[in-house]
Amino acid sequence: MPTSHNIISPERLTALAPGLPWAVAIAIVGYAFIAGGYLVTVMSFALIYAVFVIGLNLFMGYAGQVTFGHNAFAALGGYGSAVLTSAYGWPPLGAFAAGLALALAVALVVGYPTLRLKGHYLAMATLAIGLIVYEIAVQWQAVTGGYMGISGIPPIGIGGFDILSDRAQLIFLALVVALSTWSAMRLRASRFGRALAAIAGSEDAARALGIDVARYKLMAFLVSAAYAALAGTLFVHVVGFVSPEVFGLHMVVLAFTMLYVGGIGTAAGPLIGAVIVSLLPETFRALKDYQDLAYGAGLILLLIFAPKGLAALGDLLPRSKKS
Amino acid sequence: MSASLAPILAVKELSARYGSVEALHAASLTVEDGEFVAILGPNGAGKSTLMRAVMGLVANSGAVDFRGAPLPRAAPAACAARGIVLVPEGRGIFTPMTVGENLELGAYLLNDATEFARRRERVFSLFPRLRERLHQTAGSLSGGEQQMVAVGRALMAGPQILLLDEPSLGLAPRVTEDILGALDVLNKEGLTIVLVEQKAPLVLRLARRAYLMSLGRVVAEIDPRTVTSHADLAQYYLS
């Protein structure tokens, strides 16, 4: 029996593997905090997107459904916060609650009929929701400011204590992401989460076990819409500005990329996916004209070598052989 | 008083369709409390559709009475709540989840930790291997073990009547014996069982009554004791 003197033996690596994506994500955010500057801004966006993707992961990863329209709920949360704080002087927390309520109400009205659809049909129906909300944001100029958007949105603050510096914002966002991740993991481990996983596995089998499939799909839709609304609110406060483009179709594409690169259906996937995908364009910025090419090639390589996402990379490590 | 006289399951003129294709034509049968009934027939005879129609998993018309009371025709959850539990064809277990999570989902409608533990012990006593595999993902198990998970999950639901759709499919004869043996034990304890099977000789020892299906219809009711070979069975189809 060979004794290994290495501190990091393959066996130990395998045992540590599940913690690896967390460690990498935390290290990058931590480095940004120390380094400061532009990297803080990049990571702040990454963390806001992480909240959005955590919600998306709940509906798509855990419950196995499809949605192309969650940008609508981010827009409702974001615009709710933007309008109420800047035009009516509401405190951010109250405005967030109102935006969240609006997003949930719309999710309920829209989700009830559309969630009877499956697969591509559900994708098309949800895509339409995103486009409609986008169009409203453009046309309803009296409230949304149309293409020009709303500027001068106050920073996040609770009870007269404003979070002003970039670094303080990063810490705040990191806390929000930690709470969002934790709550999503708790949901997955609950009876509700098991029911969602059952629906993802087989709707018929779930039904035959007494699970009210339609109701649970709607609940998953609402919960994920709530995460989206939270992300929308965070965005407008951190940037101080909102326009329809912010919550356009680009948001959906970017969030999907993060979800699949990070690992759909995994707990760490949304965070590591958001951090890495946000970092990729910055990494390739020096390549100038070839930046997009390198970004695209990078994504393809990631999906070839980590088809289940970065969060599942640990599976590729050499397996400990216990014979 | 009338409840004790009514059969546990009475299927009356039940038809079912997939889109525009009718796969089950006015099937009728009854199952008495505590019985072990087999449903036999070749591939495509409508056996699985019959099971799915009883549960309300496929669009259907006709009536199904449970202990004399009509069952809603499109509410599988309501069937589950009454204790009508199906082990679907191809098992339908949740392969990415652990064996433990599969069993927990079986007891989805149960909200009683003591009863949960009691049912799980019962499952472990029937299938001791599931205790060893509790934290393994169901997809990593052998076919036979997966079928044990499927039956175990159904038992966790606390069934009044257990419907099984070809549990022997794709299993080694030895493993099939284990599963059928467990069903025999459960039936002797009083559980009503309806077993769908293509391989008639497997079930004729266990079942007290059998229905024969062909081309979407129930064509005959037979006494398994009179049947000892496939040749005997063939007579029912040929006559």
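Chain order of the listed sequences is A and B.
Taking the working numbering, the leading residue of the first sequence gets 33, the next gets one more, and so forth.
Taking the working numbering, the leading residue of the second sequence gets 9, the next gets one more, and so forth.
All C-beta atoms in this analysis are idealised placements derived from N, C-alpha and C, irrespective of residue type, glycine included.
In this text, all values refer to a predicted model and were calculated from it rather than measured experimentally.
Would a check of beta-carbon distances place residue i closer than 8 Å to chain A?
{"i": "B/F102", "result": "yes"}
{"i": "B/G114", "result": "yes"}
{"i": "B/M105", "result": "yes"}
{"i": "B/P96", "result": "yes"}
{"i": "B/M156", "result": "no"}
{"i": "B/P15", "result": "no"}
{"i": "B/E109", "result": "yes"}
{"i": "B/L117", "result": "yes"}
{"i": "B/R65", "result": "The residue you asked about is not Arg; residue 65 of chain B is Leu in the sequence shown. Chain A, which has a Cβ nearer than 8 Å to the Cβ of B/L65, makes this yes."}
{"i": "B/P209", "result": "no"}
{"i": "B/P175", "result": "no"}
{"i": "B/S10", "result": "For B/S10, the predicted structure reports a pLDDT of 46, less than 50, and the residue's modelled location is therefore unreliable. A value from the coordinates is still provided. No, no contact with chain A."}
{"i": "B/A89", "result": "yes"}
For residue i, which residues in the same chain have their Cβ closer than 6 Å to its Cβ, ignoring the five residues on either side in sequence?
{"i": "B/V227", "result": "L220"}
{"i": "B/R60", "result": "V66"}
{"i": "B/A18", "result": "T38 and D73"}
{"i": "A/A227", "result": "I243 and Y248"}
{"i": "A/V309", "result": "T289, M290 and V293"}
{"i": "A/A114", "result": "I182, I185, V268 and V274"}
Using the Cα positions of residue i and residue j, report the straight-line distance between them to the nearest angstrom.
{"i": "A/G184", "j": "A/A287", "result": "26 Å"}
{"i": "A/A257", "j": "A/G264", "result": "10 Å"}
{"i": "B/I187", "j": "B/P175", "result": "8 Å"}
{"i": "A/M180", "j": "A/V170", "result": "9 Å"}
{"i": "B/L118", "j": "B/A180", "result": "33 Å"}
{"i": "A/R317", "j": "A/L71", "result": "13 Å"}
{"i": "A/L108", "j": "A/L90", "result": "19 Å"}
{"i": "A/H269", "j": "B/G114", "result": "45 Å"}
{"i": "B/R90", "j": "B/P167", "result": "8 Å"}
{"i": "A/F193", "j": "A/V245", "result": "44 Å"}
{"i": "A/V278", "j": "B/L203", "result": "58 Å"}
{"i": "A/I86", "j": "A/A210", "result": "11 Å"}
{"i": "A/L163", "j": "A/A329", "result": "29 Å"}
Under the three-state reduction of DSSP, which class applies to residue i: helix, strand or coil?
{"i": "B/L171", "result": "strand"}
{"i": "A/K249", "result": "helix"}
{"i": "A/Y120", "result": "coil"}
{"i": "B/N195", "result": "helix"}
{"i": "B/K207", "result": "coil"}
{"i": "B/G70", "result": "strand"}
{"i": "B/L58", "result": "helix"}
Considering only residues of the same chain and omitting the five flanking positions on each side of residue i, which have a CB-CB separation below 8 Å?
{"i": "B/P78", "result": "A71 and V72"}
{"i": "A/L333", "result": "none"}
{"i": "A/S355", "result": "Per-residue confidence for A/S355 stands at a pLDDT of 34, beneath the threshold of 50, marking its modelled position as unreliable; no derived number is given."}
{"i": "A/A240", "result": "none"}
{"i": "A/A237", "result": "A230"}
{"i": "B/G178", "result": "G151"}
{"i": "A/A299", "result": "T213, A216, M217, R220 and A343"}
Report all residues from its chain with a CB closer than 7 Å to the CB of residue i; omit the five preceding and five following residues, and keep chain order.
{"i": "B/L111", "result": "R128, V131, G160, R161 and M164"}
{"i": "A/L159", "result": "F100 and G101"}
{"i": "B/C87", "result": "M63, G64 and L79"}
{"i": "A/A229", "result": "Y94"}
{"i": "A/G151", "result": "V98"}
{"i": "A/L134", "result": "L108 and G112"}
{"i": "A/L205", "result": "S76, L79, I80 and L266"}
Is any beta-carbon of chain B found at less than 8 Å from that of residue i?
{"i": "A/G233", "result": "yes"}
{"i": "A/G341", "result": "no"}
{"i": "A/I80", "result": "no"}
{"i": "A/A95", "result": "no"}
{"i": "A/R239", "result": "yes"}
{"i": "A/D244", "result": "yes"}
{"i": "A/D357", "result": "Any answer about residue 357 of chain A is impossible in this case: the structure gives chain A only from 33 up to 355."}
Is there contact between the stretch 145-160 of chain B and the stretch 99-108 of chain B, where contact requires at least three CB pairs shorter than 8 Å? Touching, yes, given that three or more Cβ pairs across the two stretches are closer than 8 Å.
Could you say if the stretch 79-96 of chain A and the stretch 117-127 of chain A meet the contact criterion of at least three C-beta pairs nearer than 8 Å? Taking 8 Å as the limit for Cβ pairs, the verdict is that the stretch 117-127 of chain A does not touch the stretch 79-96 of chain A.
Should the stretch 266-281 of chain A be regarded as contacting the stretch 71-81 of chain A, the criterion being three or more beta carbon pairs within less than 8 Å? They touch, by the three-pair rule.
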